[in-house]
Every structure is written in structure tokens, then in C-alpha cells.
Amino acid sequence: MSFIEFKNVKREYKTGEVVIKAVSDCSFAVEKGELVVILGPSGAGKTTLLNLLGGMDNVTDGEIFVDGKEISKMGRKELTFYRRNDIGFVFQFYNLVENLTALENVELACQICKDSLDPKEVIKEVGLEERKSNFPSQLSGGEQQRVAIARAIAKNPKLLLCDEPTGALDSNTGQMIIQLLCDTCKNNKTTTIIITHNQAIAQIADKVIKVKNGKVDEIIINDNPKNVADIIL
Amino acid sequence: MVYKNTLKKIKKSFGRYLSLMIIVLLGVGFYEGISQTSYDITSSVSEYANSQKLMDIEVVSTTGFGEEDINSLRNLLGVKNAVEAYSADILVDNGDSLRVHSILKTMNKPEIIEGENPQNSGECMADYRHYKVGDTINVIEDKNDALKHKKYKVTATVKSPLYMAVDYGSTTVGDGSLDSYIYVEKEEFDLESCTEICITVKNAGKYNGYSEKYKKKVDGVLDDIEEIKEDRQQLRDDYLIDEFEKKLYSEVDPAISTVFDYSAFDEPIAEFEESVNTKWLISDRDDCIAGYDGIGNGTNVITLVSNVIPVFFIIIVILMSSNSMARMIVEERGELGCLASLGFSDFKIITSYLIYVLSATIFGNVLGFFIGSRTIPDIIYGTFSFYLLPKLILTYSKTHFYAMFIVSIIIMSSVTVFFTNMELKNTPASLLRPLPPKKGQKIFLERLSFIWSRLSFSWKVTIRNIVRYKQRGIMTLIGVAGCCALIVTGFGLRDSTLKVVDRQFGGILKYDVMAVLTKEKDEISDDLKEVFDKEGLKNPVLIEQSSYKASNNIKSMETYLISTKNLKQFNHFFEFVDISSGKKLKLGKDSVFITKKMANDLNVRVGKNITLKNSYGEKYEFKVDHIVENYIENYIYIGNHIYDDKFSEKIKGNMVIADFDGDYNELAKKLLEEDDIVNVNFMSDLLKTAKDTNVSLDKVIILIVVVGILLVIVVIYNLTSINISERKREIATLKVLGFTDNESNSYIYRETFVTALVSIIIGLFTGRIFFGLVMDVIESEAMTFFRIITVKSYVISALIILFVNFIMQVFTYMRMKKINMVESLKSVE
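Residue numbers (the numbering used here), protein chains in the order written: chain Z, 1 to 233; chain D, 1001 to 1829.
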């Protein structure tokens, strides 16, 4: 069994009479330590896939397995602990807590999970040692995203989920962020999934899952992923 | 179009709209209810008095009245009607003491509950609380043989306007307390002359029986009666002596009338002259209607409380409504900007908000007014259980309604206009941009690293958040602290009234029994001493107590003068505490002590003189040595040297006070069998009566506390719901990070909790201060209070707020649980 398995996953939203099929019949697998890019135009259901995988949303039908556990069957409480111990999230808009310093944002995540890394070390790793006492509003977008990544990896998660991590950044800064994610994946052997609509990012992935209209359109295995330095965002 | 938008706004933020309305409703309803209560109660009572043609003045004569007396009273200028009435106190076979009244055709009409007017001799109407139609009343003691029959059949049960309290007052038969009453036709009385005259005063019925205008009318007639009193008493004495002589002479056998030695009559005549001593006792309703003044005092205190408390409400209402308005306007700045950029005038935009706020205000006002006037008087009336009252007539005051309507609208409009204007000062463009999120920043405490480094991570976050949301923190603080202070004040009032009673009856006055003697005596007679010994009375002391009017040039007030020659034993029964030094004092031979309230009201200081006037208008001056603690009634205590000197006669005594531990009823019965004793009072009864009178105030206090709690709920609800909606994103982030519901809750809620704790502490302190202010207002007009708030009251107040906080936490917890991570994190709002 693969590290992650999606089997015929469906997710429908009902708003009144209208039923919106965000994801219909998705199946794919991801191996441990892989860097995967989920690629697709906006509205294709990428984020829904990520939310389902991250335990933030429930399937309408189908099964999702992560590391042998069937998370599609988990209850509210189990999902909370799954998010806490197994998952690291990185969002497009960082979602840092405004009232905490960079270091404290990392500490906030660490204080609740079991095998967390030393927040100070992680902040150093993402290159923000100098700015660890700054509040989010005092940091640039790229710096904020690095704090967000530090917060995610400090939890020492099995799975790192990134939703358009470069979406709000200029290309140079974006490249640095992708580099950081790539390094994390390779150095820590953390399975990493990046959602993007940017074709260029797909070139660095081990596996690219193309999504269209809520369905998996194509799965491409990249035998020779490019270096981050070689792509142009 | 803008106005349609307002309707939508109301729908969208219904919770906020409702809480705005509830705040106004509570403020208006509470104020109106309480302030209308006194009016409703007193006007119901005076309405009832009018319908039963209740007398305004009663004049009782110790020797009865003649035809001329009645005429002279009837002819006084202000008198509307004066009728003769009979009454007698009797003992009946079940041991109860009863007062028998004659049925008057035009006054003091008893209200028939069941049955019919007596048709035959030997029938009566009786107190509905003790008798049923068909009962037979057997008279076993009728001291003056006042009644024709020894047996009376009850043909009707009645409620008499003469008895408005469950405690009917005192009597000279039985155990000293009057148990019941009956009404008989005046022909049932076998008396030569009527015992009392009931008077109604011209035009007094037009006014509320507790109003100043009524009092003025009645006082005028009282003064007039006081003026003719001396002459009438003298004439009555002369008449009786005359009659006595005639009777003596007529008994002489006409056959020997020429030879009879009439000087033999000199001695009995002289004796009779000595003994006959007509005295008129003139009283108004306060004195002759059981419970009448108690109702007045009770409602007075309520009025005073109702005048002070609303200030608080107004402050909280302004705060809370301005807070939610400000919040709403900030939330909708985008829309404001949109409207402004579309070219709507500021006026139109402001109007749309005004409609929102004012409609809530108007609804709150109208609902509050009617709910308040409708329910609160009933609730408080229900607590006057110590009194026998007519059905409550609820009234609505138009003036109050308009006044509150206008005041609340002015307050709410100015708040709205102020905040909207402030926002509209921004250019439409800047309004259209979202408000940047509150920036995080270092707080002062962080610079004190020796403290900061010791705090746990979550505490650091909490403290920083409190500082970050300063404005909201201060709002919570003022709101919660205010309500806490309100509750503390309520409990404090209760503690104080209870404490006053305990302190006065038992602390300051320490005797258990007071026996009133028939005649003044130099010493307690040996016979009485023996009786006292036998019945277990300890340390009996003979004292002199009489009533005077104390006055300065401007004001006068009723006071009791108390003195004794047995100072040593006397000091055992009184605790005199000097007001300024707090030292305990002993009354000496040359001491003059006066009580605090009288000193304050008449502005008499130590070393100054106080003037007393007796009912004959004779004046006495005393130089004050000390001002002593006292709460109920006014007293002047003087040593026997001073007494002998000022009154130019050796002091006697008319009362005996003593310690007693045993069966009070039994003792009273035994003592009243003695000819020397006319009445017996017990400290425990005084204590109970005084406490019963406080029940109505208790309910007002409960109301204050309840309203305080409701306010706290609205305040906390308002603020936590703002807190949650403002920080949705932060909460969602926490959830994504894997915080459990409990953990995110404590992350958010710890702030509220800490703020609440601080608020409670501040509230307890301000409560103490506010309580002092309320006391200042109440005290100067009604009575002296003991200023105390017990630890228990502080603890209960704090617990109440904590409890409300806890309940609100459950609500926020529910709301927080519902926050959807996916939705909240989608994009920057």
C-alpha cells in the first residue's frame, strides 16, 4: 500500500437545491518522501483535494488512506489529532497569528504536538534567525511565508501540504520558497504536496497530478525532476 | 434604497439588534417599574382609603366626649365631617384579645368579604382573617362593661381599612398584642359617651394619602384641634365633676335633705377631682391605622433607590450601544465607502444608521416601559406581605414615558451620529479598502524580561492579546465592573438594612422586655418586684421615657427623652457609642446624649444646646455632651441630675426594662394581670417587625441583582461575539494547526476570563464606593443605615459574575466549534 491512497473520492457541496460537485471520483497514490505537485486551473477542485487530505473536510464518498490509516472514516476528534501530529500546512496567505512574533508563531504550533523540532533551530533553518522577534506585519511577504513553512515543518509532520504557496509572491521570492520546500522534502524525507496552477513548478516534482473539473486528468511521473534553480517561475 | 438596506442590516445582525434593544429595554423597564411602584402602591392605598371613607384624624378621649366636644370639632374650619365612634378592647374565650368597633354609617367602612350586615342585637361582623360567618364569639373579659352582650354571632366577615398590617398593634388586655377585631352596631355599646371621634378633612381626599399636599391639609386641622384641646379637656373635667356632684346630691334622701351634712361629700368630691384627668389623644393615619406609615416608609425607600440606580444604567447603556454601533460601522466601512462613492450624501448614510439604532431604541423603550410598569410593581407589591392591602391599581406615567423616550433617543442618536461621522471623514477610497488587521506589537511588560521570561507561552499570548484589543478590554472592564458594582450595591443595601435592625435592637438597646406602667412611680414597688422575681425578669430598672418635639429654629422632629436615677443598672441596657471617637460611653448624672440623626438634621453639635418642647408647649434646653450611634427613632438620654434640675422635680419612672429568657407570651399574660402594668413590649418582636418591614426592600434588591445579571449577560455576550467574529481567521488557523476545540477555546477565552477577573476586582471596589454614594442619598432623607457590606456579599457578587461568564463561555464555545476552517481561510477578507 502506498503512503497516500485516494480511492474513488467524491466531495459534493449542497447549497439549497443546488449540488456542486467539487471532486468527483478521484483516485491516485503518493509514495513516502515524494514531492508531488497537483496542477490545475482554478476551480478544478485542487484545494478541496488538499483539504480532504489534510483532514479539514470530509468526503461524501470514497476512501482516503494516509500511512495506513483511513482518514476518511475519522471523527472530529481523531481528525484534530491527525492534523496536529501528521500534517503541516502552508497557505497562500500565510495565516500567521498577527499578535505573535515569528518565533512565537512557530512555538504556537510546537507546544501542542508530540515530536516537534526546536522552534529556534527551525527558524534558523528557514533563514530568519535575525528576524525571529518580529511580528508578521513587520515582515515581507516572502519572510512571512517562510515563517509559515517553519511553523509547518517544526511540527515534524509526515505530510506537508502547501496550497498555492507562491501565489501571493513575486517570482524571485517564490523561487526561494519552492527551494525551501524542496530542500525540506529531500533532507527530512517529508512527503510534500504542493498545489499550484503554475506549470513551471510542476517540473521539479517527482509526480504531477493534473486535475480538471474535479477529476484526475493525468498523472505524470517525473523520473528526472529539475532543480529549482533551473526553472523560471 | 438606503432604507431598504437598513432592513437587511437588521436581519443580518439580528443578535446585535436584539442586544441593543434589550439594553434599552432593561434600562427603561427597570427604572420605570421601580419608580412607578411607589406611586402605584400609595395611590392604590389612598384610593382604597377613599372608597372606604377612611378617617384622616382620630381623637380619643380618656373620659369620652360630650355633645359640645363633637360640635366644636365639627365646626373647625378644615373639618369635613366628624362622627362619634365607640370602641372597647375585650378578651374572648380562645384567649385572643379583640377590639370592638361601632359601625359608622359614613366612615371607616369595612369591606364585606362574605355574609350580611347584622340585623339583630347580639350580632357582629368579624375580621375575615380569623372568623367565619356563623361563628360565635364569647366575651370573657370586658373591663368597662362596654358591651351589652356576652355573646356575639358573626353574620359577616369583613376587611377593615383600619388594619393595613398583619400586626394589628397593641392593647391593654391579654398578652398585649391585638389579635383581631369585630364591628357591632353602636347600640351594642353600653357607654354613657362615645370614646372617640373620627374626622375627615376637607379636600384631603383629592390628594394621594402619602403626599405632602395631603399631609399639609391634615396637619392644618391637627394644629386647630391642638388649639381647642386644652379648653375642651378642662370643660370635660368640669362637666364630669359637676355630674359626680349632682349624682352624690341626688342620692341623698329628700326626706333628710335639709338636715344632711353636705360637708361629708367634700372628701369624695376632692378625690374625684384629683382622679379625673381628661386627655385627648390626637392622631393622624400614621398613628391610628395599623401599617399605614409602614407602607409609606417602604415605598419611600424604594423611590429613593429608584432615583439613584438609573445613573448606572445610563452609563452602561451609552457604553454598550456606542460599542456595538462603532463595531457595526467599522465592519461595514466598505459599504459606507461604496455608498459615499456612489454619491449618497453623508446625511442619508447617517440616517440609515439612525433608523437602525432608533428603531431598536424605540422598540426597547416601549416594551421596557410597559413590561416594567406592568410587572415590577406587582412583584414588589407581593412582598408587602406584612401588610393587608387592596388590589394594586397599575398606572402608566405619560410624563415618564416621554421623558425616557426623549432621553434615550437623544443619547442613542448622538452616539450614532458621532461614530458614523468619524468614519465618514475618511475618503470613500480609503473606506473601500479593508481595514488593515490589528498589528501585533511588543508590550511594556516584555521589556521587564525577568517577569516576561517566567510566563508560560500561553500566558504571554493572553497578556499580549489583552493589550492588543485594548478598546474592547476597556469596554468589558467598564461593563462587567459596572454590573458587578451594581450587584455589590444591591447586596450591600440588604446587609445594611439587616445590620441596622440587629444593631439597634440588641446591640444598642439591650433589654429583652419593656413593661409600661399605669402610673409614674418613684421606685419599683415591692409587689411588682416580687412579680418580676417570680416570672424570671432579671435586673429590672425603672426608667422615664416621654416624647417631645426637638427643634432648632427651622426644623422640628419627634424624639424620646429617656432618663433614670438607677444609672448603674441603666447603663447595662444601653450601649452608647460616641460617633466621632467610637468610644463606648456611660450615661452619668450630668450627661446629655443625643442620637446621630437628630444631631445631623437639627445641626446640633457637641457643646451646643438642643431645645425640647412638650405637648403643652413648654420648652426645655439641654447642652449636648455627646452624639451617639443610633439608627431607628431619635433619642435624648439625660442623667438624673440634669432631669431634676431642668424639670424642677424629682425624676420618676413610667417604664421598666429588664433581661428575660423564657416564654414571652406567658410572661406578657402574667404581667398584664397586674394593675400597675398597662403594656408589655419585647425586643424580639421589635426585631421581627423591623425585619418584616424590610422584605419589600429585599425584593427591590433582588430586582437590582437580577437586572445586573441580565446586563452582564448582554455585555459579555456582545463583547465575546464581537471577539469571535473579529478573530474567526485566527481561530481557524488554530484549528488547522490541530488545536482541539478545548484548546482553541482556552486560547481565546483566557483573555475574556482574565479581563473578567480584573473587572470583578475593580467592580467590587467601585461597588463599595457606589454603595457609599447610594447610602448618602438614601440616608439623608429616610433613615440612618449601618454602612456595611459583608464578605459573603462580595463573594456572592463575584461568583454571580463568574457564573455568567462561564455560561457565556459555553455559548462562545458552541459558536467557535461551528467555525469552518475551509471557509474562513479561503482568502483575505
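Glycine residues also receive a C-beta, built at the ideal position from the N, C-alpha and C atoms.
Every value quoted in this text rests on a predicted model; they were computed, and no experiment measured them.
Taking D/Ile1554 as the centre and dropping the five residues before and after it, the same chain places no C-beta closer than 6 Å to its C-beta.
With respect to the 8 Å criterion, D/Asp1741 and D/Lys1818 are not classified as neighbours on the basis of their beta carbons.
Scanning its chain for C-beta atoms nearer than 7 Å, with the 5 sequence neighbours on each side dropped, one finds around Z/Arg131 the residues Ala102, Leu139 and Glu143, in chain order. When only Cα atoms are considered, D/Val1513 and D/Val1715 end up about 53 Å apart. For a Cβ distance threshold of 7 Å, residue set Leu1825 of chain D lies close to Z/Phe91, ordered along the chain. As DSSP reads the structure, D/Lys1534 sits in no beta bridge. In the structure shown, the three-state DSSP call for D/Ser1684 is helix. The continuous stretches of alpha helix (DSSP H) do not include D/Asp1663, and DSSP gives it neither H nor E. Beta-bridge partners of D/Val1092 (DSSP): D/Val1139. Cβ contact annotation for D/Glu1114 (same chain, cutoff 7 Å, sequence separation greater than five): Val1133, Ala1156 and Thr1157, in chain order.
DSSP, reduced to helix, strand and coil, places Z/Ala168 outside both helices and strands of the structure shown, so it counts as coil. The distance from the Cβ of Z/Val66 to that of Z/Leu159 is about 7 Å, consistent with a contact at the 8 Å cut-off.
Against chain D, a Cβ distance below 7 Å from Z/Met56 picks out Val1736, Met1821 and Val1822.
Excluding five sequence positions before and after Z/Ile221, the CB atoms of its chain that fall closer than 6 Å to its own CB belong to Lys207, given in chain order.
Taking one beta carbon from each stretch, the region 1184-1191 of chain D and the region 1081-1091 of chain D have 3 or more pairs nearer than 8 Å; the two touch. Ranked by how close their Cα comes to the Cα of Z/Glu5, the residues Z/Val19, Z/Ser24 and Z/Val30 have Z/Val30 in first place. Identification of chain Z residues near D/Glu1726 by a Cβ-Cβ cut-off of 8 Å yields none; the smallest Cβ-Cβ distance measures about 11 Å. Comparing C-alpha distances from Z/Lys46 to each of Z/Ile231, Z/Ile219, Z/Lys215 and Z/Asn8 shows the shortest one belongs to Z/Lys215. If you check each beta-carbon in the region 142-171 of chain Z against every beta-carbon of chain D, none falls closer than 7 Å.
Inside the region 19-56 of chain Z, DSSP marks whole beta strand (DSSP E) runs of 3 or more residues at positions 35-39, from first to last along the chain.
Approximately 4 Å separates the beta-carbon atoms of D/Thr1303 and D/Ser1038; this is inside 8 Å, confirming the contact. Around Z/Val97, the same chain offers Asn105 and Leu108 as residues with beta carbons nearer than 7 Å, after the five sequence neighbours per side are excluded. Between D/Tyr1548 and D/Leu1561, the CB-CB gap stays under 8 Å.
Nearest neighbour of D/Thr1497 by Cα position, chosen from D/Lys1053, D/Pro1161 and D/Arg1787, turns out to be D/Arg1787.
From the beta-carbon of Z/Glu107, the residues of chain D found nearer than 7 Å are Phe1457. The three-state secondary structure of D/Met1655, taken from DSSP, is strand.
Secondary structure of D/Asp1578 (DSSP, three-state): strand. The Cβ-Cβ distance between Z/Thr192 and Z/Leu53 does not fall below 8 Å. Note: D/Met1514 is bridge-paired with D/Ile1657 and D/Asn1681 in the DSSP secondary-structure output. Considered as a whole, the region 1323-1405 of chain D harbours 1333-1341 and 1346-1382 as its complete alpha helix (DSSP H) runs of no fewer than 4 residues, in chain order. For the alpha helix (DSSP H) assignment, the uninterrupted runs of no fewer than 4 residues enclosed by the region 49-102 of chain Z are, from N- to C-terminal side, 76-86. In the DSSP assignment, D/Cys1198 is bridged to D/Glu1058 and D/Val1083. In the structure shown, D/Val1173 falls within a coil segment according to DSSP collapsed to helix, strand and coil. Burial check for D/Thr1062: the Cβ neighbour count within 10 Å stays below 16, so the residue is exposed.
For the region 107-125 of chain Z, the beta-carbon criterion of a distance under 8 Å to any beta-carbon of chain D is satisfied by Glu107, Leu108, Ala109, Gln111, Ile112 and Cys113. Those residues of the region 23-55 of chain Z placed with their C-beta closer than 7 Å to a C-beta in chain D are Asn51, ordered along the chain.
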